[in-house]
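As structure tokens, the structure follows; a few thoughts come after it.
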Ligand code: PAF
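In this note's numbering, the protein residues as written are 493 to 776.
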């Protein structure tokens, strides 16, 4: 696997692949790779000839007081995993390479309506940072296809809209969430959990499943279901952030009669803010 840190070298390599008519897939990450990321690489390999993974802890998507400084950096171990997965190229740029005029002078990409809801409300500016860096990575790599995890449901929705709104010719593919045997969604932030917290954190997935079952059983009092879920999470040791039932297509709060739904949840366990989601399709 080739590792590139400079944009100029990346551009030259990408140009050569394009001249050779290779189809390119992009898997953007912030490193500290786990099985969830590796599944994205495997999926990307099915979809393209050349898989380019990126590792960049994007400062624009962290708010003040968040975990930017302590975000785990495990480049050598990440490289090993990427090599084993058969990734072709790693682009691991420095901050100056990505934001040459500095963070504060960077042109920002903002997807309206959904960027300030849910995770965007708890983390102001987060999705502007995500949309900006993904747009830049598209411009740098010029992929044919980009694979993102469905665990970050709202992020995936925003990236899809950004890609469409800016008429960017990239196929965005969502990849199913990887979970441990207890159902906990794999996430770099699980590393902040103690063993005891990790066990308690499985309540997030269980609560999503229970709420899904109640919806499927015909319960349509969405606010009551969300409040019950939040109270349940609190009783299991979580601190509240949000738990909503949204329309899976628009991401707006679900209205009576909506059939394609997504439960979106975020909650704090110890030092970790965990997110997860569950799609629910009700019979029409
Ligand atoms: O999901 C992530 O790891 C990040 O938000 C992404 C898409 C790599 C952008 O920095």
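Cβ coordinates follow ideal geometry from the N, Cα and C atoms, glycine included.
Cβ neighbour criterion (16 or more within 10 Å) applied to residue i
i: residue 613; result: exposed
i: residue 579; result: buried
i: residue 741; result: exposed
i: residue 755; result: buried
i: residue 611; result: buried
i: residue 641; result: buried
i: residue 593; result: exposed
i: residue 595; result: exposed
i: residue 686; result: exposed
i: residue 655; result: buried
i: residue 765; result: buried
i: residue 500; result: exposed
i: residue 530; result: buried
i: residue 582; result: buried
i: residue 736; result: buried
i: residue 600; result: exposed
Sheet register partners of residue i (DSSP bridge)
i: residue 765; result: 760
i: residue 638; result: 518 and 664
i: residue 494; result: 581
i: residue 511; result: None; residue 511 has no bridge partner.
i: residue 705; result: Note: residue 705 sits in no beta bridge, so no partner.
i: residue 739; result: 753
i: residue 734; result: 758
i: residue 631; result: For residue 631, which the question treats as bridged, DSSP gives no partner whatsoever.
i: residue 651; result: Residue 651 pairs with nothing; no bridge assigned.
Coil, strand or helix - residue i by DSSP
i: residue 590; result: helix
i: residue 567; result: helix
i: residue 671; result: strand
i: residue 773; result: strand
i: residue 543; result: strand
i: residue 745; result: strand
i: residue 677; result: strand
i: residue 610; result: coil
i: residue 526; result: coil
i: residue 699; result: helix
i: residue 598; result: coil
i: residue 689; result: helix
i: residue 711; result: coil
i: residue 615; result: coil
Contact the segment 624-639 vs the segment 558-570: 3+ CB pairs below 8 Å:
no
Contact the segment 670-678 vs the segment 695-705: 3+ CB pairs below 8 Å
yes
Should the segment 521-540 be called in touch with the segment 598-610, which here means at least 3 C-beta pairs below 8 Å?
no
With contact counted as at least three CB pairs below 8 Å, one residue from each stretch, are the segment 723-743 and the segment 582-592 in contact?
no
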